[in-house]
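Undergrad:
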Amino acid sequence: MTRVFRHDILPLIKERWSPRAYSEEKISKDDLYAILEAASYAPSCFNEQPWRFILADDEKSLSKMRSILYSGNLQWAQKAPVLLLIAAKKTFTLNNEENFWHMFDTGTAWGFLSLEAQKRGIITHAMGGFSMSKARKFFKIPEDYEIVTVVAIGRYGDINQLNDDLKQREHPDTRKDISELFLDKLDKGE
Numbered sequence: 081m082t083r084v085f086r087h088d089i090l091p092l093i094k095e096r097w098s099p100r101a102y103s104e105e106k107i108s109k110d111d112l113y114a115i116l117e118a119a120s121y122a123p124s125c126f127n128e129q130p131w132r133f134i135l136a137d138d139e140k141s142l143s144k145m146r147s148i149l150y151s152g153n154l155q156w157a158q159k160a161p162v163l164l165l166i167a168a169k170k171t172f173t174l175n176n177e178e179n180f181w182h183m184f185d186t187g188t189a190w191g192f193l194s195l196e197a198q199k200r201g202i203i204t205h206a207m208g209g210f211s212m213s214k215a216r217k218f219f220k221i222p223e224d225y226e227i228v229t230v231v232a233i234g235r236y237g238d239i240n241q242l243n244d245d246l247k248q249r250e251h252p253d254t255r256k257d258i259s260e261l262f263l264d265k266l267d268k269g270e
């Protein structure tokens, strides 16, 4: 499948996708913390910065993080040298009122993280296939935090380590045409 770009957009956006073939090569602390710092500069409502990370980058913490993954993701994510759980604080620190934008803001931080990784030749793949209840229990995540995703971070590896089904899916996906993304179009003058 070939992606079609109709507009001149950032090359990093054009290049980024979510591979599953990971190398076990370690990521330097400098690269890893630069990626996390990029996430920290995402905009957020009232500058709340509701995103929080649980980092697994050594064998003990990786084993614990892998244990919450569903088997479909575990079969490929087990090679990733870094797994990062991302959570979002549901309330504002200032007044403890509900922050209706916590997920939106945290998603923006994930986007910044993924683009900084791409710039450094590092791949990322965010997953929804994991046990949120195990994650909350194992990592003692308070109830006022929404568990958002687990991200595999690493270098691209050998596609032949994937099973046949995953090999066939190991390519950038196409995207919907912009016209399909509108719920409604308002004419000028209305």
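Converting from the sequence shown to the numbering used here requires adding 80 to each position, the first position being numbered 1. Don't be surprised by glycine CBs; every beta carbon is placed ideally from N, CA and C. Please read all numbers here as calculations on a predicted model, not as lab measurements.
(1) Under the three-state reduction of DSSP, which class applies to isoleucine 166: helix, strand or coil?
(2) In this structure, does DSSP put leucine 263 in helix, strand or coil?
(3) If I measure Cβ to Cβ from aspartate 238 and keep anything under 8 Å in the same chain, skipping five residues before and after, which residues do I get?
(4) Taking DSSP's pairing of strands, which residues face tyrosine 150 in a bridge?
(5) Enumerate in chain order the residues of its own chain whose CB-to-CB distance from isoleucine 233 is below 8 Å, with the five nearest sequence positions on each side excluded.
(6) What are the partner residues of arginine 132, as DSSP defines its beta bridges?
(7) Would you kindly check if the distance between the Cβ of isoleucine 148 and the Cβ of lysine 214 is under 7 Å?
(8) Quick one: is arginine 255 buried, meaning 16 or more other Cβ sit within 10 Å of its Cβ, or exposed?
(9) Could you give the residue range of the alpha helix (DSSP H) that holds glycine 187?
(10) Count the other CB atoms within 10 Å of the CB of arginine 80; is the residue buried (16 or more) or exposed (fewer)?
(11) Indicate the three-state DSSP secondary structure (helix, strand or coil) for proline 99 in the structure shown.
(12) Under a three-way DSSP split, which group does glutamate 270 fall into?
(13) How big is the Cα-Cα spacing for arginine 86 and aspartate 257?
(14) Could you pull the start and end residues of the beta strand (DSSP E) that tyrosine 113 belongs to?
(15) Determine the closest residue to tyrosine 236 out of Glu223, Trp190 and Ser98, with distance taken between C-alpha atoms.
(16) Please name the residue or residues paired with methionine 207 in a DSSP beta bridge.
(17) So for glutamate 223, helix, strand or coil by DSSP?
TA: Answer, in terms of the structure:
(1) Position 86 of the sequence shown holds residue 166. When secondary structure is reduced to three states using DSSP, isoleucine 166 falls in the strand class.
(2) Position 183 of the sequence shown, counting from 1, holds the residue named residue 263. Three-state DSSP puts leucine 263 in coil, outside helix and strand.
(3) Walking along the sequence shown from the start, residue 238 turns up at place 158. So the qualifying residues of the chain are Ala101 and Ser103.
(4) In the sequence shown, the residue the question calls residue 150 occupies position 70. Paired residues: none, contrary to the question.
(5) Indexing the sequence shown from 1 puts residue 233 at position 153. Cβ neighbours of isoleucine 233 beyond the five flanking positions: Ile107, Leu112, Ile115, Ala160, Pro161, Val162, Leu163, Leu164, Ala197, Ile202, Ile203 and Thr204.
(6) Against the sequence shown, residue 132 aligns to sequence position 52. Partner(s): Ala167.
(7) If you number the sequence shown from 1, residue 214 lands on position 134. If you number the sequence shown from 1, residue 148 lands on position 68. Closer than 7 Å, so yes.
(8) Taking the first residue of the sequence shown as position 1, residue 255 is located at position 175. Exposed is the call here.
(9) Start at 1 with the first residue of the sequence shown, and residue 187 comes out as number 107. Looking at the DSSP string, the run of the alpha helix (DSSP H) that includes glycine 187 is 182-199.
(10) The structure shown does not extend to residue 80, since the chain spans only 81 to 270, so no value can be given for it.
(11) Here residue 99 refers to the residue found at position 19 of the sequence shown. Here proline 99 sits in coil by DSSP.
(12) Here residue 270 refers to the residue found at position 190 of the sequence shown. Its pLDDT being 49, under 50, glutamate 270 is placed unreliably in this model, and the coordinates cannot settle the point.
(13) The residue given as residue 86 occupies position 6 in the sequence shown. The residue given as residue 257 occupies position 177 in the sequence shown. Each residue's alpha carbon lies about 9 Å from the other.
(14) As a working mapping, residue 113 is identified with position 33 in the sequence shown. Element bounds for tyrosine 113: not the beta strand (DSSP E) but the alpha helix (DSSP H), 109-120.
(15) Sequence index remark: in the sequence shown, residue 236 carries index 156 (1-based). The shortest Cα separation from tyrosine 236 among Glu223, Trp190 and Ser98 belongs to Ser98.
(16) As a position in the sequence shown, residue 207 is number 127, starting the count at 1. In DSSP, methionine 207 forms a bridge with Val230.
(17) Looking up residue 223 in the sequence shown gives position 143. Glutamate 223: coil per DSSP, three-state reduction.
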